[in-house]
Structures are given as structure tokens and as C-alpha cells.
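Enquirer: Have a look at this one before I ask anything.
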Amino acid sequence: MTQLHEIFTNFLNGQRIFKNRDALSISFTPETILHREKQIEELGKILAPALIGCKPSNVFIYGRTGTGKSLVSMYVAKELMKVSRENGSNVKVIYVNCKMKKVTDTEYRILAYILNEFGEKVPFTGLPTEELYKRVVKKIDEKEQVVILILDEIDALVEKVGDEILYNITRLNQELKKAKLSIIGITNDLHFITRLDPRIKSSLSEEELVFPPYNANQLKDILEQRAKIAFHEGVVDKAVIEKCAAIAAQEHGDARRALDLLRVAGEIAERRGDKKVTVEHVDMAHEKIERDTFIETIKHQPLHSQLVFYSILELLKTKKEVTTGDVIDFYLEVCKKLSIKPVTERRISDLIAELSFFGFIDTKVVSKGRYGRTRIITLRISKEIEEKIYSMLLEKFY
DNA sequence: AGTCCACAGGAAGGGCAGGCGA
DNA sequence: TCGCCTGCCCTTCCTGTGGACT
1 MTQLHEIFTN
11 FLNGQRIFKN
21 RDALSISFTP
31 ETILHREKQI
41 EELGKILAPA
51 LIGCKPSNVF
61 IYGRTGTGKS
71 LVSMYVAKEL
81 MKVSRENGSN
91 VKVIYVNCKM
101 KKVTDTEYRI
111 LAYILNEFGE
121 KVPFTGLPTE
131 ELYKRVVKKI
141 DEKEQVVILI
151 LDEIDALVEK
161 VGDEILYNIT
171 RLNQELKKAK
181 LSIIGITNDL
191 HFITRLDPRI
201 KSSLSEEELV
211 FPPYNANQLK
221 DILEQRAKIA
231 FHEGVVDKAV
241 IEKCAAIAAQ
251 EHGDARRALD
261 LLRVAGEIAE
271 RRGDKKVTVE
281 HVDMAHEKIE
291 RDTFIETIKH
301 QPLHSQLVFY
311 SILELLKTKK
321 EVTTGDVIDF
331 YLEVCKKLSI
341 KPVTERRISD
351 LIAELSFFGF
361 IDTKVVSKGR
371 YGRTRIITLR
381 ISKEIEEKIY
391 SMLLEKFY
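Mind the numbering: the first sequence is residues 1 to 398 in our numbering, read in order.
Now the structure itself:
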């Protein structure tokens, strides 16, 4: 009874922390977008011809995650539609995030999604893809209008289904009589465009926009702007914002990361019933986010990767560093005990490299002369994360 | 100077589950 | 429903290599 009472009182106290938590989520569009004035202006200039019924150039936007690409495109698109409605021109914007599993991750699904945006339902499967293209053309060409198709995370789509789809989509324009179609492609893979077929490349990237990472000061401004909406007054210290900005700036100026940090810090404060968000909460949030991503990553690794990592953890309990050979021996023992068919040494070598890539371990290739060449493996994660993962794996295997 | 260890890591391809599209 | 395709995990076979030892 008293326990529940405490939970509820803490919650009510917590209410004094967040005013509007959504302001810290990625889908939130603030009234003014900071430090992207140049990009907004450029994109605006590129898309403006749509207002007089001309086809704007296709645009290719790239920049790392959390640099405001989607936010700016959506913002400009919304404003464009608003003005178009005011002056009676016909502009329609369709936003497609190509990474949505089971929704927009194949050619067929994307076309079905676009048709759906036009209010036409098509079966999940069954129709020839060619038929969907025909229907899309028919739908767009129904009236005189300019359709702007935003393909977010376009690299994920091409990775999955090949670049043929982009060729097909850019080609649609030639079949339109009344309407016009422009494409905005967004990617955070900076080398994506160089890998494309030259004919697609030239038609898709008539214009290019680059979104540089935010620096610590810019992140600070963004956080301050959002914090004002998200938190009650006086709840968040300046130092808190600065810390979030500094951490995110170190990690490639990712604004999403910065906002996540601030949100989680606020949630921790809320849950503990504290009245203010402090720098300690940010530290805890940083730790929590890191821990969660590490644990999620290892959970989704294949069985043998987990076994290899378990072997490394077990060996490092008694040694400061281990070599590939040590890991292989221990791993084989574990497999024998659990009656699991082991993978080859070659495969283990790759698994170790993967674990290093994910940031679980550090590896260094060293030569021991007569005693061969090997990788020296040390742990990169904190003691706390190590314990969590260790007990998780232990529970799984025994 | 040459040898040789204990691997690193590239290339090619097998096999299987599950998804896709007609 | 069913054949085909894809992605993932893995194997096989292989060449490369830094430096202690002879």
C-alpha cells in the first residue's frame, strides 16, 4: 500500500518534469528549424517551380543520421503544400520511409504505399509489379498536378532490391501527360550515389544538398529550443543541456542522439521522483542508452557469435587479455559441453572481427615471432555492461 | 638469411529458411 | 500454391605476414 502510494506520489512529482515529452521525439517538427536555414532555403528554391505547375529538379540529399534531413524535407514539403493550397495550385507530397519493414521495403510495397496515399487500395501481393506502375501513372496523371515523392533512407531500399527501382521511378515522368513527378532521395550513406548506375545517378541527382553534422554549440541551441517545450520551467540546468550536446557532438553531431539523451535523462529523473534533471541523470542516461544498445545487439547476434563472446568474457575473468587461439580452445570446450556443433576456425575469426566492429572488444594483431601471429583481445565495454551481458548469456546457455 | 609458427583474412561457393510475386 | 530468389550463416581452400628462433 505504502509502496504504491510512493509510486503514485513520485509520478505526480514527475509530472513537474515533463510538460510535453513529444518535443524530444524524432517525429516532432518545431516551429523554427535551427541551423538549417541554408538547406531550407536551397530546397525551397529548388521546389518552388512546383507552385506554377513546373517540374522541380530531382534532389538528392545526404548527411549523417540526426542532421535534420528528414525534418527539413518534411518541413519544406508541408510549407509548399500550404502555399499551394493558398494560391490554388496543385502540389502533392508523398513521403515514404523506405526502411519500414513489411510496408515499404520492396518495389511492390512502395508502389502499393504510393497508391494508398492516393486513396487506392491494392492487394498486398498478387498483381504484377508492371501493373502497379501503370496504376501509379494513371493515378498521378488524373489531373494537372505536381507530385513530389520523398524517398527517405533510399539506400536501404537499393541495398535490398537493387537500383533498378530508381530507374523505373525516374522514368515514370516520361509517361505522364498532365502531371509531373519529382523525386527527393534521402540517404545517410555518403558514398551511396557513387555506387549508382550512371544513368540513374544523373537523373536522380539533378540537384544535391549536403547536411553537415551539427557542432556542440548548434546542438546546444537545438536542445534548448526543445527543452523549453518539453520540460517545465527551471527543471533543466544549463549544464545538463551542455553535457547532452557535448556527448552527441562527440558522436558525429547526431541531434537525434542528443534529444534521446535529454529525454532519457528526464525520464530517469521522473522515475526517481527527483524535481530537477541533473548532470548525473545525463550520465545515467548515457550509460543506459549504451547498455541497451549493446544488449540488444548481442541478443540479435547468431548463436555462435554469442558463444564466442561468452568464451571471451569467461576467459577475461582470469586473464587480462586473450588471443584468438585461447578463444577457439575455450569455445570448442563450451560447444562440447552443450553438444552444439562448432563452426570452423575461419568463421570464429570473422565472428571475433564482428564483435570488434560492434565495439564489444578491442583487437590488435600482434606477431609473437616464432610463436605466430594472433589477435590480442581486450574488453571495451564497462564492467556493468559486461556483467549484464555475461549473466544474460550464462542464463541462455546453462 | 632463412624458416616457420599461428594465425589473419580474401575468394568462392554451399545450403537452408523465409520471403516474394505470379 | 509453388517455383524462384535472396540473405544469412557457414565451409573450404587458399595466400599473406611479423618477427623470434636457428
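Note that CB positions come from ideal geometry on N, CA and C, so glycine has one too.
Which whole-angstrom value describes the C-beta separation of A179 and D237, a residue pair presumed to lie in contact below a C-beta threshold of 8 Å?
Expert: For the purposes of this step, residue 179 is identified with residue 179 of the first sequence, where counting begins at 1. For the purposes of this step, residue 237 is identified with residue 237 of the first sequence, where counting begins at 1. Their Cβ separation, rounded to whole angstroms, is 53 Å, which puts A179 and D237 out of contact at 8 Å.
Enquirer: For A227, which option in Q145, I169 and V240 has the closest C-alpha, if you only look at C-alpha atoms?
Expert: Here residue 227 refers to the residue found at position 227 of the first sequence. Per the Cα distances, V240.
Enquirer: Roughly how many angstroms separate the alpha carbons of I26 and P342, rounded to a whole number?
Expert: On the first sequence, residue 26 is found 26 positions in, with the first residue counted as 1. On the first sequence, residue 342 is found 342 positions in, with the first residue counted as 1. Between the C-alpha atoms of I26 and P342 there is a straight-line separation of about 43 Å.
Enquirer: Residue range of the beta strand (DSSP E) that D350 falls in?
Expert: On the first sequence, position 350 is the one that residue 350 refers to. Segment E345 to F357 is the alpha helix (DSSP H) holding D350; no beta strand (DSSP E) there.
Enquirer: Count the other CB atoms, across all protein chains shown, that sit within 10 Å of the CB of Y398; report buried if there are 16 or more and exposed otherwise.
Expert: Position 398 of the first sequence holds residue 398. Answer is exposed; the Cβ neighbour count stays below 16.
Enquirer: DSSP beta-bridge partners for G372?
Expert: Locating residue 372 in the first sequence gives position 372, where the first residue counts as 1. In DSSP, G372 forms no bridge with anything.
Enquirer: Looking at the structure shown, is K320 part of a helix, part of a strand, or coil, going by DSSP?
Expert: Working through the first sequence from its first residue, we reach residue 320 at position 320. It is coil, neither helix nor strand.
Enquirer: How about L313 and Y390: are their beta carbons less than 8 Å apart?
Expert: By 1-based counting over the first sequence, the position of residue 313 is 313. By 1-based counting over the first sequence, the position of residue 390 is 390. Yes.
Enquirer: Compare the C-alpha of V277 against each of G234, V83, S311 and K299 and name the closest.
Expert: If you number the first sequence from 1, residue 277 lands on position 277. For V277, the nearest C-alpha among the options comes from G234.
Enquirer: How about A249 and L261: are their beta carbons less than 8 Å apart?
Expert: Numbered from its first residue, the first sequence carries residue 249 at position 249. Numbered from its first residue, the first sequence carries residue 261 at position 261. Contact: no.
Enquirer: On the CB-based measure, 16 or more other CB atoms within 10 Å of its CB, does S339 come out buried or exposed?
Expert: One-based indexing of the first sequence puts residue 339 at position 339. Exposed: under 16 other Cβ atoms inside 10 Å.
Enquirer: Among S84, V279, V365 and I183, whose alpha-carbon lies nearest the alpha-carbon of P56?
Expert: The residue labelled residue 56 in the question sits at position 56 within the first sequence. Looking at S84, V279, V365 and I183, the one whose alpha-carbon comes closest to that of P56 is I183.
Enquirer: Please name the residue, chosen from T65, L259, E287 and I348, that lies closest to E384 on a Cα-to-Cα basis.
Expert: For the purposes of this step, residue 384 is identified with residue 384 of the first sequence, where counting begins at 1. Among T65, L259, E287 and I348, the Cα nearest to that of E384 belongs to E287.
Enquirer: State buried or exposed for I222, treating a residue as buried only when at least 16 other CB atoms are found within 10 Å of its CB.
Expert: Walking along the first sequence from the start, residue 222 turns up at place 222. A buried status is given to I222, since no fewer than 16 other beta-carbon atoms sit within 10 Å of its beta-carbon.
Enquirer: Could you pull out every unbroken beta strand (DSSP E) segment of at least 3 residues lying fully inside the region 45-94, listed in chain order?
Expert: 59-63
Enquirer: Excluding five sequence neighbours on each side, which residues of the same chain lie with their C-beta closer than 8 Å to the C-beta of L172?
Expert: Here residue 172 is taken as the residue at index 172 of the first sequence, counted from 1. Excluding positions up to five away in sequence, the list reads Y133, V136, V137, I140 and L181.
Enquirer: When you compare the CB positions of I451 and V308, do they come within less than 8 Å of one another, or not?
Expert: Outside the displayed span of the chain (1 to 398) sits residue 451, for which this structure offers no information.
Enquirer: How about the region 19-37 and the region 67-75: do they share at least three Cβ pairs that are nearer than 8 Å?
Expert: The region 19-37, when compared against the region 67-75, does touch it at the 8 Å Cβ threshold.
Enquirer: Alpha carbon to alpha carbon, how far is G253 from T399? Give it in angstroms, no decimals.
Expert: Residue numbering for the chain in the displayed model covers 1 to 398; residue 399 lies beyond these limits and cannot be assessed.
Enquirer: Cβ of K388 within 8 Å of Cβ of R291?
Expert: As a first step, residue 388 is located in the first sequence; it is residue number 388 there, counting from the start. As a first step, residue 291 is located in the first sequence; it is residue number 291 there, counting from the start. Cβ atoms of K388 and R291: closer than 8 Å.
Enquirer: State the start and end residues of the unbroken alpha helix (DSSP H) segment that holds D283.
Expert: Your numbering for residue 283 matches position 283 in the first sequence. Its alpha helix (DSSP H) spans residues V279 to K299.
Enquirer: Identify whether I183 lies in helix, strand or coil by the three-state DSSP scheme.
Expert: Here residue 183 refers to the residue found at position 183 when the first sequence is read from its first residue. Here I183 sits in strand by DSSP.
Enquirer: As a quick exercise: from K336, I328, K337 and C335, pick the residue whose alpha carbon is nearest that of D350.
Expert: Residue mapping note: residue 350 aligns to position 350 of the first sequence, counting from 1. Closest in alpha carbon position to D350, among K336, I328, K337 and C335, is I328.
Enquirer: Just the Cα atoms here: how many angstroms apart are L115 and L149?
Expert: Residue numbering aside, residue 115 sits at position 115 when the first sequence is read from its first letter. Residue numbering aside, residue 149 sits at position 149 when the first sequence is read from its first letter. If you take the alpha carbons of L115 and L149, they lie about 12 Å apart.
Enquirer: With which residues is S367 paired in a DSSP beta bridge?
Expert: Residue numbering aside, residue 367 sits at position 367 when the first sequence is read from its first letter. For S367, which the question treats as bridged, DSSP gives the partners R373.
Enquirer: Taking just the CA atoms, how far does R271 sit from L4?
Expert: By one-based count along the first sequence, residue 4 stands at place 4. By one-based count along the first sequence, residue 271 stands at place 271. Roughly 13 Å between the two C-alpha positions.
Enquirer: Does the distance from the C-beta atom of Y95 to that of N188 stay below 8 Å?
Expert: Counted from its first residue, the first sequence places residue 95 at position 95. Counted from its first residue, the first sequence places residue 188 at position 188. Not in contact: Y95 and N188 (Cβ atoms no closer than 8 Å).
Enquirer: Alpha carbons only, please: which of R375, I200, L259 and N97 is nearest the one belonging to D152?
Expert: Translated into the one-based positions of the first sequence, residue 152 becomes position 152. Nearest C-alpha to D152 among R375, I200, L259 and N97: N97.
Enquirer: So, with DSSP's three-state summary, where would you put I154?
Expert: Translated into positions along the first sequence, residue 154 becomes position 154. In this structure, I154 counts as helix in the three-state DSSP scheme.
Enquirer: Under a Cβ-count criterion, where at least 16 other Cβ atoms within 10 Å of its own Cβ denotes burial, should I200 be classed as buried or exposed?
Expert: Locating residue 200 in the first sequence gives position 200, where the first residue counts as 1. Per the 10 Å Cβ criterion, buried.
Enquirer: At the level of alpha carbons, what is the spacing between R256 and T363?
Expert: Here the question's residue 256 lines up with position 256 in the first sequence. Here the question's residue 363 lines up with position 363 in the first sequence. In this structure, the alpha-carbon of R256 lies about 30 Å from that of T363.
Enquirer: Identify every residue that forms a DSSP beta bridge with V147.
Expert: Stepping through the first sequence from its first residue, residue 147 is reached at position 147. Answer by DSSP bridge pairing, in chain order: K92 and L181.
Enquirer: If you reduce the DSSP assignment to three classes, tell me which class D329 lands in.
Expert: As a position in the first sequence, residue 329 is number 329, starting the count at 1. In the structure shown, D329 sits in a helix (DSSP, three-state: H, G or I).
Enquirer: So what does I361 bridge to, in DSSP terms?
Expert: Sequence index remark: in the first sequence, residue 361 carries index 361 (1-based). In the DSSP assignment, I361 is bridged to L379.
Enquirer: From the DSSP output, in three-state form, read off L209 for me.
Expert: By one-based count along the first sequence, residue 209 stands at place 209. Three-state DSSP puts L209 in a strand.
Enquirer: For A245, which residues from the same chain have a beta carbon less than 7 Å from its beta carbon, with the 5 sequence-adjacent residues on both sides left out?
Expert: Stepping through the first sequence from its first residue, residue 245 is reached at position 245. So the list reads A216, L219, K220, L223 and A258, once near-sequence residues are dropped.
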